[in-house]
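Undergrad: Just so we're aligned: the sequence shown equals residues -17 to -1, 1 to 216 in mature numbering (1 follows the signal peptide of the UniProt record, and there is no 0).
Okay, here's the structure, questions in a sec.
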Amino acid sequence: MKRIFALLLLISVTSCAELQQVVNQLPQGGTVSELDIANGLRQALDLGIDKQVSKLTQKDGFYKNELVKILLPEELQKVDKALRDIGLDNLADEGIKALNRAAEDAVSEATPIFVNAVKGITFNDAKNILLGNDTAATDYLESRTKTELYNKFNPVIKNSFDKVGADQIWANLITKYNAIPFTNNVNPDLTDYVTNEALKGVYTMIAVEEGEIRNKVSSRGTELLKKVFALQD
């Protein structure tokens, strides 16, 4: 392990030509080319997108996943509590469900954007990702896609709110809350809030798959993944 760690440190400061020479010395039963490393990282991200992000597009993909379930924004937590305190649990639950349904609708817009970002990974990108922390690949993807995804998600979430009647649910919910004595009116921008929460959920699930591949040999389902990620073990 010490030998491998030392070689990995050396990789980070060598040129591409020197990198291949060092990689060839690693005890893994074969050589790992620069193209292998880049393709391995692309494959890992593709796997995360295919296995994890696709789950979020399904009914209850957000709502029944505690890792990414969207709760009320902080300024509306008091709304939720107040409604539950007076026995309106079902109404509060419907409000939360509407937020998550909108996110589930929006995530289907993510895959083409992710695919383009993954295709653009260079060898230098891949080298830095491979030697990075457990979320380095996810962080790379987020840095390349977040703005574009926000712009795609936002109108879809707004339309979803209209489609499932979320605007009416929230109007009803907030109206009832505002009718409770000694409360102040609230009217947050739920579309922006859910858009950002949906983005967090997407990157969270990709990070889950990345962590599995980095830390569990059994999760490296192809020979390329096994060969490339052996470099960071």
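The beta carbon of each residue, even a glycine, is placed where N, CA and C say it ideally should be.
1) Starting from the C-beta of Ile112, find all residues in its chain whose C-beta is less than 6 Å away, skip the five residues before and the five after it, and write them out in chain order.
2) Given that a residue counts as buried once 16 or more other Cβ atoms are within 10 Å of its Cβ, and exposed if not, what is Asp63?
3) Report all residues from its chain with a CB closer than 8 Å to the CB of Leu66; omit the five preceding and five following residues, and keep chain order.
4) Taking a contact to mean a Cβ-Cβ separation below 9 Å, would you say Lys141 touches Thr166 in this structure?
5) Grouping DSSP H, G and I as helix and E and B as strand, with all else coil, what is residue 227?
6) Between which two residues does the alpha helix (DSSP H) harbouring Pro95 extend?
7) Does DSSP put residue 218 in a helix, in a strand, or in coil?
8) Rounding to the nearest angstrom, what Cα-Cα distance links Ile69 and Asp216 in this structure?
9) Check whether the Cβ atoms of Ser126 and Ala89 sit closer than 9 Å, and answer yes or no.
10) Counting along the chain, where does the alpha helix (DSSP H) carrying Ala21 start and finish?
11) Please identify the residue among Asp43, Lys110, Gly44, Asn134 whose C-alpha is closest to the C-alpha of Asn179.
12) Express the C-alpha separation of Lys110 and Ile20 in angstroms, rounding to a whole number.
13) Given 8 Å as the limit, is there contact between the segment 81 to 88 and the segment 44 to 56, that is, 3 or more CB pairs closer than that?
14) Do Gly184 and Val51 count as a contact pair if the criterion is CB distance below 9 Å?
15) Tyr176 and Pro56 look like a contact to me (Cβ under 8 Å); what is the Cβ gap, rounded to whole Å?
16) Could you round the C-beta distance between Thr128 and Ile96 to whole angstroms and report it? I think they count as a contact, below 8 Å.
17) Could you check the C-alpha separation between Thr14 and Phe136 for me, to the nearest Å?
TA: So, from the listed chains and residues:
1) Leu24, Ala119, Ala120, Tyr123
2) buried
3) Asp72, Leu74, Ala75, Leu156, Lys159, Tyr160
4) no
5) Outside the displayed range of the chain (-17 to 216) lies residue 227, so it cannot be described from this structure.
6) 93 to 102
7) This structure gives no information on residue 218, because the portion of the chain shown stretches from -17 to 216.
8) 54 Å
9) no
10) 17 to 31
11) Asn134
12) 7 Å
13) yes
14) yes
15) 5 Å
16) 5 Å
17) 42 Å
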